[in-house]
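Below is one structure, written out as structure tokens; the observations come after it.
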Amino acid sequence: MAKEKKDTGPPLKTWKLLKEVNNAYNIEINQNVTNGKPVIIGTAMVPPQLVNAFDAVFVAGEWYGSICGFTRDVSLAETAESCGFPHELCSYARMTVGSMIQDKGFLGKYPKPMAVMGTEGYCIVQAKWFEALARYHNVPFTVLDIAPVHSGSQKNWGEEAVRDSVEYVVAQLKDCIEFLEWSLDQKVQEEKMINSIITMHRNEVLWDKLMRLWRQKPSPISIRSLFTFENLIVSLPTSRDATKVLEAIIEELEERVEKGIAAIENEQVRLLWQAQPGWYLLNVLRYFESLGATFVASPYLEMWGATYRFELCKEDTPDWFRERRDPTNLDECLWEIAKEIIALEVWPRLDPGIAMMKKIAIESEADGGVWHAVRACKGVSYGELAEMEDIKRDLGLPGFILEGSPADPRDFSEGPSLRQIRVFVEQAKRVKKRREAKRAKMEKQTST
Amino acid sequence: MITAGIDIGSMSADVVIMAFDDGDQEGKIVSSAIIPTGADSAGTAKRVLDKALEEGDINPEDIQYIISTGYGRVIVPFADKNITEISCHAKGAHWVFPSARTVLDMGGQDCKVVTCDETGKVTSFVMNDKCAAGAGRSMEIMARLVGVPLESIGELSLKIVEEAAPVTSTCVLFARSEVMELMRNGVHKEDILAGACDALTSRVVSLMGRSQMEKDLVISGGIAKNIGVTKRVQERLGLDAKIPPEPQIIGALGAALFAREVLSKQTERKGAEHV
Amino acid sequence: MFSEFEAIVRDRYGHAKELKERTGKQIFGYLCSYVPEEIIYAAGAIPTRILTTEEAPTLSETLMQTYYCTFARSILHQGLAGQLDYMDGLVTAYSCATMRLAFENLQRSMGLPYTKFLYLPGIIDTPEAKNYYYKELVRFKKDLEDLFGRTISDDDLREAIAVYNENRSSISELFEGRKEAPPKISGREAYLLTLSSMLTDKADHTRLLKKLIREVPSRESLDVGASRVMLVGSPVDNVKLIDLIEKDIGAWVVADDTCTCTRYACGTTSVDQAGKDPLRALVERYLIARPPCPTKHSPTRWIQCKTCPFRDVACFDLKPDPKQELPKTLSFQTPERICRFRHALQLAINHKVEGVIAVEQKFCDPHGFDFHHVTQAFQHVGIPTLFLEIDNMVTVGQIKTRVQAFIEMLHPVDYMIDPEIRQGISL
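Protein chains in written order, with my numbering: chain A, 1 to 448; chain B, 449 to 723; chain C, 724 to 1150.
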């Protein structure tokens, strides 16, 4: 397996800027361990716009867990397990809990929070895991309950139900503000919140653009680079620095697309990727590339952008739900935030999720898909098997389940996985040839 | 009073026969035997007991009480009672080393950490998961894969040529394919064994973390004979462990001791009834 | 004495079909103890819970990965195998992603005329949450009215509430016998009572219970001397596990905090409230009156702990900082609901429990995350805990060793009762 970490294509110019912004964030968290702004730890579903209306730093637990996974420090997970958190639980959670108990993290120390916020939605671990953190630290804890707007095949579900959900979340956001004011001993800053939301709207539009550029032929950026850019939209979506980086990368990629520069040479088959990667082994993705397979789209990465989310709940929601306005006061802010997180929570439902996956597959001209069965992450790998089957059946695209875990290297077996990957990529190439031959034949028939 | 303890494990069956003078609680071991467990557990039990009787030149009728233990404890037809290997290992280890407060029993199928008080009574215990990765069976598989006798794994694993090749998988089946990959890549067998012992050690140490460990630590069970693992466990924990001269019979020993206790309790009760 | 209850649990499909034929009513399956069955009952259908079977959930494998718990996978398997074809509808309330995935797959594959996923709030004791769930129940009622083509009046609801209340309070009355030493009702019997209650018409079931209430006081007392243990954690619906503890090893299961037994039977709906607005009353019963599942949270929980009688010993790793005062002005401070740790501790103390077995369906996140804190809480009141991983196919080997060693630890070995005596107990 190739060891070099760089893309086979030319290096990204924006990389340096991205590193600077990410590092600045890491340093900020690090400083918060001793002095400076207080830390709020929460799930990636906690709206950062809310926390950023205070003088506080927001640490998304999933991001923190992924970095722990990146460092491959298995002792963190082992510590959590030895304290009675079973191995079957989410690896992000075990890594974070271990980091907390050992007071050891990739930054040196673990960023001890002033308060902890969980969310309840498609993933119940996002409440339980943070409850465990809060209990351990003995700090205030609250849960934001994100009600759905999906209808499924439900009857008597309409605009009113959607409004109920939004109003319910808005009411809770008010409680959250009160909670933060009390635990941080600060007043909420309306101006800051408005600006955060405006910046975030802009960043999400940029993220969508980035996702569109990624799908181009040949693909101008590798999925591994995008996983590093992901921190901008997870931890720093309300930051203007993130805007700068996103604008720069978009400009660079537009240029690449125009000139037809590929990030990965030898793009023989184009693949979809679903779920988080194993952060400890991004090189597995590199292995796909060395075989001539390039990843060109991923619902997991796309969901951070507005297009994906609002498209997903299009049939279930009235127009006003999907309309986005820059807020001018606190009430409007809360309304915007509520819609935003509700839309984010909708994504793993089977029917719309599968429909969306199909749409992405067609739009990105994919030749197959890889579903990372992230052990113990029931939220992200929700319905993966049904999704893969439907795509196989309806689009004729081959699919492959790669078993692993986002942050625990012990749950991934490299040798057998690489062999399976080799077999799958060969299969994808064969299927692609067959499909092309079939299409050529049909075109010939229609022309004659 | 003569009692026997019989431990039917997944890999070996062990028997200890003890004799106690009147009023003596200490007792002494008069005979013991170890044989590999066969497919027929009841037959194995019979065979290993016969062997111990023969070696100690003891009449079967003289044995007044038999307690069985180990995972096959319920299928010993001639046992008067069964008690788990967890209680028995604590009891047995405490008999050999009265200062024992934590017992690490590494058997063929699973691995247990038992803490006990100054009388040898269990105060807490943890067992590893249902899979055999943290246990003797995985060592047996490794030995077979690498092509060395099981007994020499420990010594070989300490003769590292390069650095230990990590065997990260927690599952025996995964670990198996990982090791095969390493062998194909020409890694020295000593290094592979070192990696396997390291992996087993990690599992054991992580299990130890779950119980409140107190000194002294005693290591019992078949793997206690594997110096590659015991040495690493002690290094990782940063303490010296006591290893009984014959670690495999500790469970059977504990059972024989329990047999005396139960028997004297019954005699007392009967005595009280007569009066 | 308990054979009728056992027969229902053992032949649940047959019983459901027989019930359907006899009453001419529709049968609605449900997956979670949070589903307000009273509404379904008021609509004229019979709600029955889908429980697991011991069959390996092979059919679920193409739709759910093996790292989802077998509880959910077994339910999906039964649906795919056609074993649930007697059902006319399927309802669940949101508990966890695993059950939701099982529900969605059943919804997609079974082609039932009616399915409903009730969004049960994750926070359960704020006015907003109650309000939200109330609206959800209004929609649910409307669905059923459309489906059955008739209005469900408040009186219909009140009647259903009365039926359910009587059933729950009869079970609770019998459960009082679990406090005695030796218990009047074994753990196996307790589980059979609630499991059968979930699987049949409540009015019929209550009649059987009433008979039992008359008979139990005069029954011969159960064996003396066995340890008293409590089960907490994931749903337990296979009495084999209880048999293993009670029959094979010899300890009584005298209390539990599981949604298939005590959590299901605890807490009735307020008749006063039902007099005004029955749906509101149901919201109160399901969100407040019953003991909560660990997937349910409260923004007041942390504040509540400050006034909890167990606060110095229980579920926090660190003691609350005395310098931090209780905030007096928070509007969302409504400490009315009992916290699940406090509920479990109180049960353990009331039932003189000697050891707690924390059962976890392998891969169950809600209970998996709780175990560390459950252990801490019980340890501080001097009750040891055992962590026990199970699945639907209760495998005896290691489970037995763990439980037996745990019981041996609670009681000196030589006082343990002999197996022959236990054989005589009719269970």
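All C-beta atoms in this analysis are idealised placements derived from N, C-alpha and C, irrespective of residue type, glycine included.
Exercise. Buried or exposed: A:Asn-203, going by 16 or more other Cβ atoms within 10 Å of its Cβ?
Worked result: For this step, residue 203 of chain A is matched to residue 203 along the first sequence. Classification of A:Asn-203: buried, given that the 10 Å Cβ count is 16 or more.
Problem set entry | Neighbouring residues, chain C, relative to A:Ala-147 (Cβ below 8 Å) | Working through the first sequence from its first residue, we reach residue 147 of chain A at position 147. In chain order: Tyr-842, Pro-844, Tyr-855.
For this session: Would you be able to state if there are at least three C-beta pairs under 8 Å between the segment 696-704 of chain B and the segment 536-553 of chain B?
Result: yes
Exercise. Any idea which residues DSSP pairs B:Tyr-513 with across the strands?
Worked result: For the purposes of this step, residue 513 of chain B is identified with residue 65 of the second sequence, where counting begins at 1. BP columns for B:Tyr-513 point to B:Thr-451.
Problem set entry | Beta-carbon contacts of A:Met-211 that lie in its chain and below 7 Å, excluding the five residues immediately before and after | On the first sequence, residue 211 of chain A is found 211 positions in, with the first residue counted as 1. Closer than 7 Å at the Cβ level, and outside the excluded window around A:Met-211, lie Leu-301, Glu-302, Gly-305.
Exercise. By Cβ distance below 6 Å, which residues in the same chain neighbour C:Leu-774 in space, the five residues on each side in sequence not counted?
Worked result: As a first step, residue 774 of chain C is located in the third sequence; it is residue number 51 there, counting from the start. Contacts found: Asp-960.
Exercise. Looking at C-alpha atoms only, which residue of B:Ser-605, B:Asp-558, B:Pro-695 is the closest neighbour of B:Ser-458?
Worked result: Sequence index remark: in the second sequence, residue 458 of chain B carries index 10 (1-based). Checked all of B:Ser-605, B:Asp-558, B:Pro-695; the closest Cα to B:Ser-458 is B:Asp-558.
For this session: Compute the Euclidean distance between the alpha carbons of C:Cys-738 and C:Thr-923, then round it to the nearest angstrom.
Result: Residue mapping note: residue 738 of chain C aligns to position 15 of the third sequence, counting from 1. Residue mapping note: residue 923 of chain C aligns to position 200 of the third sequence, counting from 1. Looking at the sequence provided, one finds His at residue 738 of chain C rather than Cys. Their backbone Cα atoms lie some 8 Å apart in a straight line.
Problem set entry | Contact check, A:Gly-98 vs A:Leu-133, beta carbons under 8 Å | Here residue 98 of chain A refers to the residue found at position 98 when the first sequence is read from its first residue. Here residue 133 of chain A refers to the residue found at position 133 when the first sequence is read from its first residue. No.
Exercise. Does A:Cys-123 come within less than 8 Å of chain C when only Cβ atoms are used?
Worked result: Locating residue 123 of chain A in the first sequence gives position 123, where the first residue counts as 1. Yes, because at least one Cβ of chain C sits closer than 8 Å to the Cβ of A:Cys-123.
For this session: State the DSSP-derived secondary structure class of C:Phe-794, mapped to helix, strand or coil.
Result: The residue you call residue 794 of chain C lines up with position 71 of the third sequence. Helix, per DSSP.
Exercise. Anyone know if the C-beta pair for A:Cys-68 and A:Lys-378 falls short of 8 Å?
Worked result: Taking the first sequence and counting its residues from 1, one reaches residue 68 of chain A at position 68. Taking the first sequence and counting its residues from 1, one reaches residue 378 of chain A at position 378. Not in contact: A:Cys-68 and A:Lys-378 (Cβ atoms no closer than 8 Å).
Problem set entry | Contact with chain B by C:Met-810, beta-carbon distance below 8 Å | Numbered from 1 along the third sequence, position 87 holds the residue referred to as residue 810 of chain C. Taking Cβ atoms only, chain B never reaches closer than 8 Å to C:Met-810, which makes this a no.
Exercise. Apart from the five residues just before and just after A:Ala-127, which ones in its own chain have a Cβ nearer than 6 Å to its Cβ?
Worked result: Locating residue 127 of chain A in the first sequence gives position 127, where the first residue counts as 1. Closer than 6 Å at Cβ, skipping near neighbours: Gly-118, Glu-120, Val-143.
Exercise. Per DSSP, what kind of secondary structure is B:Lys-529 in: helix, strand or coil?
Worked result: Indexing the second sequence from 1 puts residue 529 of chain B at position 81. In this structure, B:Lys-529 counts as strand in the three-state DSSP scheme.
For this session: Please determine, among C:Tyr-857, C:Arg-881, C:Ser-892, C:Leu-964, the residue with the shortest C-alpha to C-alpha distance to C:Met-953.
Result: In the third sequence, the residue the question calls residue 953 of chain C occupies position 230. The shortest C-alpha separation from C:Met-953 is found at C:Leu-964.
Exercise. Around the C-beta of A:Gln-49, are 16 or more other C-beta atoms found within 10 angstroms, so that it is buried, or is it exposed?
Worked result: One-based indexing of the first sequence puts residue 49 of chain A at position 49. The residue is buried, with at least 16 neighbouring Cβ atoms inside 10 Å.
Exercise. Any chance the segment 1006-1020 of chain C sits against the segment 899-908 of chain C, with 3 or more Cβ pairs inside 8 Å?
Worked result: no
For this session: Name the two residues that bound the continuous beta strand (DSSP E) containing A:Ala-297.
Result: As a first step, residue 297 of chain A must be located in the first sequence, where it is residue number 297. Looking at the DSSP string, the run of the beta strand (DSSP E) that includes A:Ala-297 is 293-297.
Exercise. Thinking C-alpha only, which one of B:Val-464, B:Tyr-513, B:Gln-473, B:Ile-523 is nearest B:Val-496?
Worked result: As a working note, residue 496 of chain B is residue 48 in the second sequence. Nearest C-alpha to B:Val-496: B:Val-464.
For this session: Determine, using beta carbons only, whether B:Tyr-519 comes closer than 8 Å to chain C.
Result: Counting from one through the second sequence, the residue named residue 519 of chain B turns up at place 71. B:Tyr-519 counts as touching chain C.
Problem set entry | For A:Ile-41, three-class secondary structure by DSSP | Translated into the one-based positions of the first sequence, residue 41 of chain A becomes position 41. Strand.
For this session: Please list, in chain order, all residues of the same chain as A:Met-388 whose beta carbon is under 6 Å from its beta carbon, the five residues on each side excluded.
Result: Locating residue 388 of chain A in the first sequence gives position 388, where the first residue counts as 1. Excluding residues within five positions, the ones whose Cβ falls inside 6 Å are Trp-371, Gly-399.
Problem set entry | Near-chain C residues of the segment 528-547 of chain B (beta-carbon distance less than 8 Å), N- to C-terminal order | Lys-529, Ile-531, Thr-532, Glu-533, Ile-534, Ser-535
Problem set entry | CB of A:Glu-252 within 8 Å of CB of A:Thr-14, strictly | The count along the first sequence starts at 1 and reaches residue 252 of chain A at position 252. The count along the first sequence starts at 1 and reaches residue 14 of chain A at position 14. Their beta carbons are under 8 Å apart, which means A:Glu-252 touches A:Thr-14 by this criterion.
Exercise. Any idea which residues DSSP pairs A:His-372 with across the strands?
Worked result: Numbered from its first residue, the first sequence carries residue 372 of chain A at position 372. Its beta-bridge partners are A:Leu-402.
Exercise. Hey, how far is the Cα of A:Arg-435 from the Cα of A:Gly-368?
Worked result: Position 435 of the first sequence holds residue 435 of chain A. Position 368 of the first sequence holds residue 368 of chain A. So the alpha carbons of these two residues sit roughly 12 Å apart.
Exercise. What are the start and end residues of each continuous alpha helix (DSSP H) run of 4 or more residues lying completely inside the segment 196-260 of chain A, in chain order?
Worked result: 223-234, 240-259
Exercise. Considering only residues of the same chain and omitting the five flanking positions on each side of A:Gly-65, which have a CB-CB separation below 6 Å?
Worked result: The residue given as residue 65 of chain A occupies position 65 in the first sequence. So the qualifying residues of the chain are Tyr-92, Met-95, Thr-96, Ala-407.
Exercise. Which bits of chain C does B:Met-575 rub up against, with CB to CB less than 9 Å?
Worked result: The residue labelled residue 575 of chain B in the question sits at position 127 within the second sequence. Going along chain C in sequence order, the residues near B:Met-575 (Cβ under 9 Å) are Gln-1121, Thr-1124, Arg-1125, Ala-1128.
Problem set entry | CB contact below 8 Å: C:Pro-1058 versus chain A | Taking the first residue of the third sequence as position 1, residue 1058 of chain C is located at position 335. Only weak support is given to the placement of C:Pro-1058: the predicted model assigns it a pLDDT of 43, under 50, and the value that follows is read from those uncertain coordinates. For C:Pro-1058, the answer is no, since every Cβ of chain A falls outside 8 Å of its Cβ.
Exercise. Using a Cβ-Cβ cut-off of 6 Å (strictly less than) and excluding sequence neighbours within five positions of C:Ala-795, which residues of its own chain qualify?
Worked result: Walking along the third sequence from the start, residue 795 of chain C turns up at place 72. Closer than 6 Å at Cβ, skipping near neighbours: Thr-821, Met-822, Ala-825.
For this session: Quick one: grab the DSSP three-state call for A:Glu-436.
Result: Taking the first sequence and counting its residues from 1, the one referred to as residue 436 of chain A is at position 436. Residue state, collapsed to three classes: helix.
For this session: Could you name the residues of the segment 410-430 of chain A whose beta carbon sits closer than 7 Å to any beta carbon of chain B, in the order they occur along the chain?
Result: Arg-410, Ser-413, Gly-415, Pro-416
Exercise. Ends of the alpha helix (DSSP H) at C:Pro-770?
Worked result: For the purposes of this step, residue 770 of chain C is taken as residue 47 along the third sequence, with counting starting at 1. Careful: C:Pro-770 lies outside any alpha helix (DSSP H), inside the beta strand (DSSP E) at 768-772.
Problem set entry | Residue-level contact to chain B via CB, C:Met-1132, 8 Å cutoff | Along the third sequence, one-based indexing puts residue 1132 of chain C at 409. Cβ-Cβ to chain B under 8 Å: yes for C:Met-1132.
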